[in-house]
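In this note's numbering, the protein residues as written are 375 to 652.
Notes follow the structure.
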Amino acid sequence: MKNRSKYSIGDASKLCNISTKALRYYDKIGLVTPQRSNCNNYRYYNDDSLHLIPVIKYYKQMGFKLDEMTQLINDNSANTYSVMQAVFESKMAEIDEERQGLRVRDSSIHDWYNLVQEAINVQENQITDVSVQFFTGADYLFWEQDFDGNIRDAIINIEFTDYVEKIKNNITGPVIIRFNSHQQRVVGSGNCCILQKTILPCPPEKTVFVGAQSMARCYHIGSHSTIKKTYEKITAWAELNNYLLADECYERYVIDYWTTQDSDKYVTEVMIPATSRL
């Protein structure tokens with residue numbers, strides 16, 4: 375850029391690749407102030423003011439707001455470094471918060487997407503055979519309550535949601551419910567425990583470890599009102615194949631009320647701890 379004493383707003387716009395509208399606004403808020411001709415009050419820019427534009431663009435790249443840029447650029451006090459430190463530290467804290475928000479959204483979306491993909495595979499291929507699988511296990515946030523047979527209230531659980539917010543965490547992945555007795559589950563009674571993974575770490579006293587055991591598992595496709603048939607299928611399979619089933623059971627809701635109101639599309643994985651008699 376050749377050094378000149380004066381640049382019109384049009385010249386400044388072309389040289390710095392910035393709109394005249396932006397330059398006028400910067401003038402209005404005192405961020406980049408042009409000089410005025412004594413004769414006709416004509417606005418013109420000098421080299422000093424033009425050299426502010428790349429600095430402003432760099433601040434913009436870092437996410438600074440215009441008022442923050444004005445504070446940084448126009449500060450000529452003895453505390454310049456202290457002011458910059460304070461503004462930069464505030465911006466870094468803001469970015470950390472944004473990063474955490476992105477992590478929450480990314481985990482939630484990917485986990486939900488994976489559940490949809492799993493449900494599509496189960497439904498398209500009618501994967502409803504009973505099998506035994508070893509689950510390595512994981513820690514889950516838990517919420518214990520009585521079960522009155524209303525499975526929708528248990529899955530979309532207002533009390534559990536309030537609890538998650540109270541401990542300042544976020545949940546992700548499928549809702550899992552552990553029932554103390556699969557016999558009581560099918561008649562709509564007994565106790566249950568809501569289980570779900572959290573995005574942020576939880577204190578040990580707020581989590582329970584589930585897994586590290588073999589489970590008889592079977593996908594149930596359709597309404598929860600007919601899930602008794604899947605439990606009967608697992609029980610019959612266990613007797614035929616010499617497996618002893620535990621009293622407790624787990625239901626992992628792949629597709630449920632959270633995703634659709636069409637119960638024909640529901641996919642639930644029923645799991646009961648199983649030990650071979652052989």
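Glycine is no exception: its CB is placed at the ideal position from the N, C-alpha and C atoms.
Note that the coordinates shown come from a computational prediction; the quantities given were computed from them, not determined experimentally.
Taking the beta carbon of residue i as the centre, do at least 16 other beta carbons fall within 10 Å, making it buried, or is it exposed?
i, result
"His484", "exposed"
"Ser423", "buried"
"Met536", "The residue asked about is misnamed: residue 536 is Asp in this sequence, not Met. Label assigned to Asp536: exposed."
"Ile427", "buried"
"Glu498", "exposed"
"Thr604", "buried"
"Ala648", "buried"
"Asp630", "buried"
"Tyr642", "According to the sequence provided, residue 642 is Thr. The question's Tyr does not apply to it. Burial call: buried."
"Met436", "exposed"
"Trp517", "buried"
"Ile568", "buried"
"Ala452", "exposed"
"Met458", "exposed"
"Pro575", "exposed"
"Tyr433", "buried"
"Ile541", "exposed"
"Arg410", "exposed"
"Tyr399", "exposed"
"His425", "exposed"
"Arg559", "buried"
"Val496", "buried"
"Tyr640", "buried"
"Pro408", "buried"
"Tyr593", "buried"
"Tyr514", "buried"
So the beta strand (DSSP E) residue i belongs to, where does it begin and stop?
i, result
"Ser505", "505 to 509"
"Thr634", "No beta strand (DSSP E) holds Thr634; DSSP gives it neither H nor E."
"Ser650", "641 to 650"
Tell me the residue span of the alpha helix (DSSP H) that contains residue i.
i, result
"Lys571", "Element bounds for Lys571: not the alpha helix (DSSP H) but the beta strand (DSSP E), 565 to 572."
"Cys623", "No alpha helix (DSSP H) holds Cys623; the beta strand (DSSP E) holding it covers 623 to 629."
"Gly562", "First-last for Gly562: undefined, no H or E at that position."
"Thr502", "Where Thr502 is concerned, there is no enclosing alpha helix (DSSP H), given that its DSSP letter is neither H nor E."
"Lys388", "383 to 390"
"Tyr419", "Run containing Tyr419: none; DSSP gives neither H nor E here."
"Leu405", "Segment: none, Leu405 is in no alpha helix (DSSP H) and carries neither H nor E."
Once you ignore the five residues that flank residue i on each side, which residues in its own chain have a CB closer than 7 Å to its CB?
i, result
"Pro548", "Leu489, Arg626, Tyr627, Val628"
"Asn450", "none"
"Leu440", "Ile403, Leu405"
"Tyr553", "The amino acid at residue 553 is misidentified as Tyr; the sequence shows Phe. Only Phe521, Arg559, Gly564, Cys566, Glu622, Cys623 meet the Cβ criterion."
Write down the C-beta distance between residue i and residue j rounded to the nearest angstrom, noting that I regard them as a contact closer than 8 Å.
i, j, result
"Phe438", "Lys465", "6 Å"
"Thr609", "Leu619", "7 Å"
"Val478", "Asn544", "5 Å"
"Val584", "Ala467", "Between Ala467 and Val584 the Cβ distance is about 36 Å, and since that is not below 8 Å, they are no contact."
"Asp621", "His556", "7 Å"
"Val538", "Ile601", "Contact doesn't hold; Cβ gap of about 26 Å is too wide."
"Ile529", "Tyr624", "At roughly 13 Å, the Cβ-Cβ gap does not stay under 8 Å, so Ile529 and Tyr624 are not in contact."
"Lys395", "Asn420", "Not a contact, Cβ separation roughly 21 Å."
"Ile525", "His598", "5 Å"
"Gly596", "Asp527", "Wrong, their Cβ atoms sit about 20 Å apart, outside the cutoff."
"Ile383", "Arg417", "6 Å"
To which residues of the same chain is residue i closer than 6 Å at the C-beta, ignoring the five residues directly before and after it?
i, result
"Phe521", "Gly564, Cys566"
"Thr546", "Ser481, Ser482, Asp485, Lys571, Ile573"
"Gly523", "Gly562"
"Trp611", "Val504"
"Asn616", "Arg651, Leu652"
Got a sec? Which residues, its chain only, sit under 8 Å from residue i by beta carbon, not counting five neighbours each side?
i, result
"Ala586", "Phe509, Thr510, Gly511"
"Gln507", "Ser588, Met589, Arg591"
"Ser393", "Ser387"
"Leu446", "Tyr433, Phe438, Val457, Met458, Val461"
Residue ranges of each beta strand (DSSP E) run of no fewer than 3 residues wholly in the stretch 424 to 485, ordered along the chain?
none
Inside the stretch 585 to 620 only - alpha helix (DSSP H) runs reaching at least 4 residues:
602 to 614
Tell me the start and end of each unbroken alpha helix (DSSP H) in the stretch 513 to 547 that is at least 4 residues and wholly inside, in chain order.
525 to 529, 532 to 540
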